[in-house]
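Student: The structure's right below; bear with me while I get my questions together.
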Amino acid sequence: MTQNDVHPAKAHYSQLPISFHIATSQDIQLLEWRGEYAHLRKVFRRALMHQHRGRRLLWVARYKNYPIGRLFVLLKSPNSVVADGMHRAYLYSFRVMDEFQGMGIGTQLMELAETYLIEQGFEIATIAVAKTNYAALRLYHHRGYKIFTENTGEWEYYDHLNQLRKVMEPCWMLEKALG
Numbered sequence: 515m516t517q518n519d520v521h522p523a524k525a526h527y528s529q530l531p532i533s534f535h536i537a538t539s540q541d542i543q544l545l546e547w548r549g550e551y552a553h554l555r556k557v558f559r560r561a562l563m564h565q566h567r568g569r570r571l572l573w574v575a576r577y578k579n580y581p582i583g584r585l586f587v588l589l590k591s592p593n594s595v596v597a598d599g600m601h602r603a604y605l606y607s608f609r610v611m612d613e614f615q616g617m618g619i620g621t622q623l624m625e626l627a628e629t630y631l632i633e634q635g636f637e638i639a640t641i642a643v644a645k646t647n648y649a650a651l652r653l654y655h656h657r658g659y660k661i662f663t664e665n666t667g668e669w670e671y672y673d674h675l676n677q678l679r680k681v682m683e684p685c686w687m688l689e690k691a692l693g
């Protein structure tokens with residue numbers, strides 16, 4: 515995918531060659547989006563490993579076989595308020611490339627994840643949103659998510675250079691009854 519390839523007219527995704535799939539190992543490096551998310555390389559690889567073990571699910575939207583959107587699902591967490599493996603699951607790492615936003619791709623990723631969770635017997639989906647991300651909060655409210663608590667948004671990870679990165683992004687925790 516080239517830089518000139520990513521500026522389609524703002525149309526609904528169904529008018530473009532966009533497909534939705536469970537992520538494969540071939541997607542992981544491409545999810546770095548030409549280096550923008552290289553710092554998350556190890557996080558993506560760990561998530562894929564957990565997908566193989568049945569603990570997570572990684573959805574991707576592809577345009578001409580290049581992943582332009584992602585939504586990961588954590589099925590079981592040590593924090594059962596977020597995901598307990600039976601009734602509650604946590605949606606996270608939700609991104610659509612800027613050039614493709616406003617085309618329904620994020621909505622479709624959420625619908626696919628929610629449908630999967632319903633089929634697996636989950637009753638509640640949870641998601642976090644930065645308190646300053648008003649556009650995402652509007653999308654989640656539109657999809658039926660309601661704030662149930664707040665979170666400090668503190669977490670850490672090792673980047674592709676093996677440097678520890680600490681994140682502090684205060685967020686709202688939202689939930690939605692599925693079904």
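Residues 515 to 693 (our numbering) are what the sequence shown spells out, left to right. All C-beta atoms, glycine included, are put in the ideal place defined by N, C-alpha and C. A quick note: this is a predicted structure, and the numbers were derived from the prediction, not measured.
(1) Drop a sphere of 10 angstroms on the beta-carbon of V643, count the other beta-carbons inside from all chains shown, and report buried for 16 or more, exposed for fewer.
(2) In three-state terms, what does DSSP make of G693?
(3) Tell me whether the region 609-617 and the region 666-674 touch, counting them as touching only if at least three CB pairs, one residue from each stretch, are closer than 8 Å.
(4) For a test of the three-state rule: what should DSSP assign to L588, helix, strand or coil?
(5) Which one of V596, A627, G583, R570 has the shortest CA to CA distance from T640?
(6) Under 8 Å between the Cβ atoms of A679 and H564?
(7) From this set, I638, I661, R652, I536, which residue's C-alpha is nearest N579's C-alpha?
(8) Pull the bridge partners of S533 from the DSSP assignment, please.
(9) Round the Cβ separation of A650 and V587 to the nearest angstrom and send it over; I've been treating them as touching at under 8 Å.
(10) If Y577 sits next to I532, beta carbons under 8 Å apart, how far is it from one beta carbon to the other, in whole angstroms?
(11) State the start and end residues of the unbroken alpha helix (DSSP H) segment that holds L651.
(12) Give me the Cα-Cα distance between G616 and W547, rounded to the nearest whole angstrom.
(13) Between which residues of its own chain and K690 is the CB-CB distance below 6 Å, once the five residues before and five after are set aside?
(14) Where does the unbroken beta strand (DSSP E) through E668 begin, and where does it stop?
Tutor: Judging by the given coordinates:
(1) buried
(2) coil
(3) no
(4) strand
(5) V596
(6) First, the residue type needs correcting, since residue 679 is Arg and not Ala in the sequence shown. Cβ atoms of R679 and H564: not closer than 8 Å.
(7) I536
(8) R576
(9) With 8 Å as the limit, A650 and V587 do not qualify as a contact, their Cβ atoms being about 17 Å apart.
(10) 5 Å
(11) 648-656
(12) 19 Å
(13) A639, G658, Y659
(14) 668-672
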